[in-house]
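Q: Using mature numbering (1 follows the signal peptide of the UniProt record, and there is no 0), the letters of the sequence shown correspond one by one to residues -21 to -1, 1 to 118. Structure in structure tokens, see below.
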Amino acid sequence: MDARKLLLAVLCSLCSGSAWAQFSHGTDSVSVNAPRIVLTGTVTDEQANPIAGATVRLQGIVPQYCITNSRGRYLLQVPAKGATVTVSFSGYLSQDHPVDSRRQLDVVLQPAPGFHRPHKARVVHRRYLRTLRADADSI
């Protein structure tokens, strides 16, 4: 009977030690138990066009992120203090922004240097024939 109690005590101490190790990273800036706020905003390009599909990611131990909707809007729960979000989208420079108890964060992404955005192509329909017209440099 005493051997069972000893074995149970050893198992409990091992389990609690491994659970504690998951939360004792100390050097990370985001606390798991910190009070949280809802951060909202819009992600646009330099011409104020909304960017759909941009990633808004909370930096920290636990990966937490959201994707902007068709209007470039997002909503993300973040710690009230000490949190930083990273906003990124293909073809644009990623940006880091500290939250600092803000509830609204609108971001304007700048295009990455050397990234070529083709001009929009026009499709012209004539009877059963489709003709694609585009600028020569966009093909």
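Glycine is no exception: its CB is placed at the ideal position from the N, C-alpha and C atoms.
1. In terms of alpha-carbon separation, which member of T47, V41, A33 and G61 lies closest to I16?
2. On a CA-only basis, which of Q38, P42 and Y53 is nearest T23? Give me that one, please.
3. Among residues of its own chain, excluding the 5 on either side of P29, which ones have a beta-carbon nearer than 6 Å to its beta-carbon?
4. Please report the distance separating the alpha-carbon of E25 from that of Q38.
5. Does A91 pass the burial test, meaning 16 or more other C-beta atoms within 10 Å, or should it be called exposed?
6. Looking at G32 and L84, is the spacing between their C-beta atoms short of 8 Å?
7. For V41, count neighbouring Cβ atoms within 10 angstroms of its own Cβ and tell me buried if that reaches 16, exposed if not.
8. Around the C-beta of Y71, are 16 or more other C-beta atoms found within 10 angstroms, so that it is buried, or is it exposed?
9. With a threshold of 16 other CB atoms inside 10 Å of the CB of P58, please say whether the residue is buried or exposed.
10. Consider the C-beta atom of V87 and the heavy atoms of the ligand NAP; say whether any pair is separated by less than 7 Å.
11. Give me the Cβ distance between V66 and S73, rounded to the nearest whole Å; I'm assuming they're in contact under 8 Å.
A: This is what the structure holds:
1. Indexing the sequence shown from 1 puts residue 16 at position 37. The shortest C-alpha to C-alpha distance from I16 to any of T47, V41, A33 and G61 is the one to G61.
2. Residue numbering aside, residue 23 sits at position 44 when the sequence shown is read from its first letter. Nearest C-alpha to T23: Y53.
3. Taking the sequence shown and counting its residues from 1, the one referred to as residue 29 is at position 50. Only T23, R50 and G51 meet the Cβ criterion.
4. Looking up residue 25 in the sequence shown gives position 46. Looking up residue 38 in the sequence shown gives position 59. Those two C-alpha atoms are separated by around 25 Å.
5. Residue 91 sits at position 112 when you count from the first residue of the sequence shown. Exposure of A91 is indicated by the presence of fewer than 16 other C-beta atoms within 10 angstroms of its C-beta.
6. As a first step, residue 84 must be located in the sequence shown, where it is residue number 105. As a first step, residue 32 must be located in the sequence shown, where it is residue number 53. Not a contact, by the Cβ cut-off of 8 Å.
7. Counted from its first residue, the sequence shown places residue 41 at position 62. The residue in question, V41, is exposed, as its Cβ has fewer than 16 Cβ neighbours within 10 Å.
8. By 1-based counting over the sequence shown, the position of residue 71 is 92. Buried is the label assigned to Y71, since at least 16 other Cβ atoms lie within 10 Å of its Cβ.
9. On the sequence shown, residue 58 is found 79 positions in, with the first residue counted as 1. Flag for P58 reads buried.
10. For the ligand NAP, the structure offers nothing, since it holds no ligand at all.
11. Taking the first residue of the sequence shown as position 1, residue 66 is located at position 87. Taking the first residue of the sequence shown as position 1, residue 73 is located at position 94. 7 Å between Cβ atoms; contact.
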